[in-house]
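A short worksheet on the structure shown next.
There are 2 protein chains.
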Amino acid sequence: MKRLCMAALALASSTGAFADSAASPIYGVTIPDGYRQWELVAPAQEADPLNELRVVLGNSAALKAYREGKLPFPDGTVLAKLAWKHEPSPDFKTASIPGAATTVQFMVKDSKKYASTGGWGFGRFINGKPADEAQHQTCFACHQALVKDRDYVFTRLAP
Amino acid sequence: MKRLCMAALALASSTGAFADSAASPIYGVTIPDGYRQWELVAPAQEADPLNELRVVLGNSAALKAYREGKLPFPDGTVLAKLAWKHEPSPDFKTASIPGAATTVQFMVKDSKKYASTGGWGFGRFINGKPADEAQHQTCFACHQALVKDRDYVFTRLAP
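Listed in order, the protein sequences are those of chains X and P. For the first sequence, UniProt numbering begins at 1 and goes up steadily by one. For the second sequence, UniProt numbering begins at 1 and goes up steadily by one.
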């Protein structure tokens, strides 16, 4: 009976039946409670083809490290990137404002758990659901290629 | 002596010698402590000629009203609009990020104090100093002309 149970567990695990459906593939990152109340790091704008307005928010560990200019970020740092399609303001012809939300993405610092990816775990969510494994396989490669010298973090604190 | 003193006071007052140099003309709005830690309302982007990235933050009264969809905003609401020149990201050719800070602007709701301007006081600051009276004379006219039906507030809560 014990052997049967172990086999069932192994099968369930390999098919993802025990995986947390709310967690990102590869990294197991989930959407942190209250991230929408976190402090502003910086906005950004993405031109074609994404055409997005974005804002990066950070938890208190993130903002403390940013303000002190300390790298690497400490374990416990979490960054959240919110993105929306940008659309013309109905009020000002020169302004663009957020349209539909597109993705919410997180970087979670845990230097032991994520030792093989610079200490960072990644999670990309669309309508509250994690994106697929293929999308998550691209995260670290790009951060590593472009901003390894900033502890793999693109966004700088807005002045 | 009393008459002389009153005359001196009147003169000083008329020349602005007793005005708070940190407060906006017309409205007397000052930069609120800790506004940089306030919660995100929404980002925006301004095309030519301003070429700015902007973020509106709000205090807890503001966010509560936004979330509940309640208009008018209650007394005590404060909105902060931070703005930066947008400049190309050094990392991604499709991205724009904050360059130099340009202005920080506030709207303060006090329906008695600011009864003649829809209940809102306005403050526009450049490098921490209030902009001149001429600039402050334009605030309410524009908000009144375009968004009177949204309690004079342009920015909507980002989804």
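For each residue, glycine too, the CB sits at the ideal point set by N, CA and C. All of these numbers come straight from a predicted model, not from anything done at the bench.
Closest Cα partner of P49 of chain P within the set X:F92, X:A158 and X:T155: X:F92
Buried versus exposed call for C142 of chain P [16 or more other C-beta atoms within 10 Å across all chains shown]: With fewer than 16 Cβ atoms within 10 Å of its Cβ, C142 of chain P is classed as exposed.
Residues near Y114 of chain X by beta carbon distance below 6 Å, same chain, minus five either side: W120 and G121
Backbone CA spacing between M1 of chain P and S21 of chain P [nearest angstrom]: Because M1 of chain P sits at a pLDDT of 44, beneath the cut-off of 50, its placement in the model cannot be relied upon, and the following sentence gives the value as read from the coordinates. C-alpha separation (whole angstroms): 29 Å.
8 Å contact criterion, which Y152 of chain P and G118 of chain P should meet: CB distance rounded: 5 Å
Short CB-CB distance (under 8 Å) between P72 of chain X and chain P: No, P72 of chain X lies away from the interface with chain P (no Cβ there is under 8 Å from its Cβ).
A61 of chain X (DSSP reduced to helix, strand or coil): helix
Near the ligand NAP: G69 of chain P beta-carbon under 7 Å from a heavy atom: What this structure holds is no ligand at all, so the ligand NAP is not there to describe.
Test item: CB-CB of V108 of chain P and V41 of chain P under 8 Å: no
DSSP state of K112 of chain X mapped onto helix, strand, coil: coil
Uninterrupted beta strand (DSSP E) stretches inside the UniProt domain "Cytochrome P460" (32-155) of chain X (no shorter than 3 residues): You should have 39-46, 52-58, 78-88, 95-109 and 120-126.
Through-space distance from P72 of chain P to K112 of chain P, alpha-carbon basis: 14 Å
Residues near D110 of chain P by beta carbon distance below 6 Å, same chain, minus five either side: D75
Under 8 Å between C-beta atoms of R124 of chain X and Q135 of chain X: yes
Alpha-carbon spacing of S24 of chain P relative to E68 of chain X, whole angstroms: If I take the Cα positions, the gap works out to 31 Å.
Among P:P130, P:I26 and P:A44, the one whose alpha carbon lies nearest that of H86 of chain P: P:A44
Given G128 of chain X as reference, the closest of X:C139, X:F154, X:K148 and X:Q105 once Cα atoms are compared: By alpha-carbon distance to G128 of chain X, the top candidate from X:C139, X:F154, X:K148 and X:Q105 is X:Q105.
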